[in-house]
Each structure stands twice: as C-alpha cells, then as structure tokens.
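Taking it in order: structure first as structure tokens, then the write-up.
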Amino acid sequence: MFTGIVEELGEVVSIEPTGDGGESVALAVRGPLVSSDASRGDSIAVNGVCLTVVDLAEGIFTADVMKESLDRSSLGTLVPGAPVNLERAARVDGRLGGHIVQGHVDGTAVLISRDPGDRWDVLRFGLAPELSPYVVEKGSITVDGTSLTVSAVSEPGAAEEFFEVSLIPATLEATTLGALAPGATVNIEVDVIAKYVERIAAVARVRA
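Residue 2 in full-length UniProt numbering is what sits at position 2 of the sequence shown, and the numbering runs on without skipping anything.
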C-alpha cells in the first residue's frame, strides 16, 4: 500500500528480458533513498506500479516485472537513463499525505496538453472510457505514482474524454511530471474506493 507521495526521482539502470520468452523483464533502478532501508521482498512503487525487490546493491534495486504489469503499464517502454517516480510502501504508523494507492495500475493515459501558469501547470490527459466512471472533479487519481486531485473532467459521453490536474511547483520539481511533454504516456490508478462502491452496488442490484 502506498500514498502517492513520491519520495525520490530514480533512474533506470537497465531493463533486461528474463529467460521465459521475454514476456517479463528484470528492471534495475537507482534510488539511494528508497534503497537505504529496503530488503529483498519489500515493495517499492515505480511510476505507480508496485514491484517487489529481488536484489539490492549500492543504491540500486532490481525487481521482476511480469507480463501483466508490462501490458497494463508503461514500464515496458522505459530505457536506461529514464527518470522514474519512486515510493516505498507506506508505514501503518505514518501520515496518509496523499490517498490510498495500491500500486495496481488500471491503465495508461496520454498527455494531451500542458498549460503553464505563473505558479502551477494544468495538464490534460486522455481518459479511457472504461475508467471514466471512476474519475470525478475534486476526487483523487494517481498519475505515474503521484497522488493528485482532479481539477476538471469531461462530461459523460463527450467526444473526447479527459481529466485535468493542476500541479504546484513542489510537484513539478519532485516528480517526472514536471518535464512531461504532450504525447507522453503515463500510468493511471483510479481511486479504489470508487471501484468498491461500484461492486457493492452491482451485487446489491443482483440480490434485490
């Protein structure tokens, strides 16, 4: 479990296919802070994807990324030298600074536009129709592992479905979102509470 508060900008060291036909990869990431107290088996979110540490050496951790994660996220497009957002699993005695983030990416989105302001930037992302019901104005969403508040969302059934977030200077400086250019692909995780509500309502209708 995570909170979506990025702790460190890491760097991809390598991404190598494993010996099972290339359907999974071994991802090595330099992250001195998140690696400082990590152990094998610990969870670290990389651009919002929860990965399990399998090896550690001098500020670099390695994790296996299976086909399911590669298919649902943008991790498969990473190259050595690419910056990534990193967060260690949340402590149960810590503050929930963002929102409840599972590290289970629901899909990807493409940055449509970026509108720089004096104190913040407004980013608009395309929204897949299947995720649209879970995104509401002033609700929470995770973009590449960063907990953000939705500042605007398209009307249901709009020809182009989208959502917007407004990024403050601290977020621009501390995450990969500060350098994101239109056309870039990001990982999206919607608020898990919305999915639970949908499931409960669906079961209730069937049993009614």
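Note that the Cβ used here is the ideal one computed from N, Cα and C, for glycine as well.
Predicted model, so just to flag it, every value in this text is computed and none were measured.
- Between residue 12 and residue 81 a beta carbon distance of about 6 Å is seen, short of the 8 Å cut, so the two are scored as contacting.
- Taking a cut-off of 8 Å for Cβ pairs, the segment 77 to 94 and the segment 151 to 162 do not touch, as fewer than three such pairs fall below it.
- Under DSSP, no beta-bridge partner is assigned to residue 36.
- Counted as a single uninterrupted DSSP element, the alpha helix (DSSP H) harbouring residue 205 occupies residues 192 to 207.
- With fewer than 16 other Cβ atoms inside 10 Å of its own Cβ, residue 207 counts as exposed.
- Considering only 71, 104, 204, 3, the residue with the shortest C-alpha distance to residue 95 is 3.
- Residue 74 and residue 33 have their C-alpha atoms spaced approximately 23 Å apart.
- Residue 40 is positioned such that its CB atom lies no closer than 8 Å to that of residue 29.
- CA-CA distance, residue 47 to residue 84, rounds to 6 Å.
- Between the alpha carbons of residue 148 and residue 167 lies a distance of about 8 Å.
- Taken in chain order, the whole beta strand (DSSP E) runs of length 3 or more contained in the UniProt repeat "Lumazine-binding" (100 to 201) are 107 to 116, 121 to 126, 140 to 143, 146 to 153, 162 to 167, 185 to 190.
- Looking at 35, 111, 16, the one whose alpha-carbon comes closest to that of residue 183 is 111.
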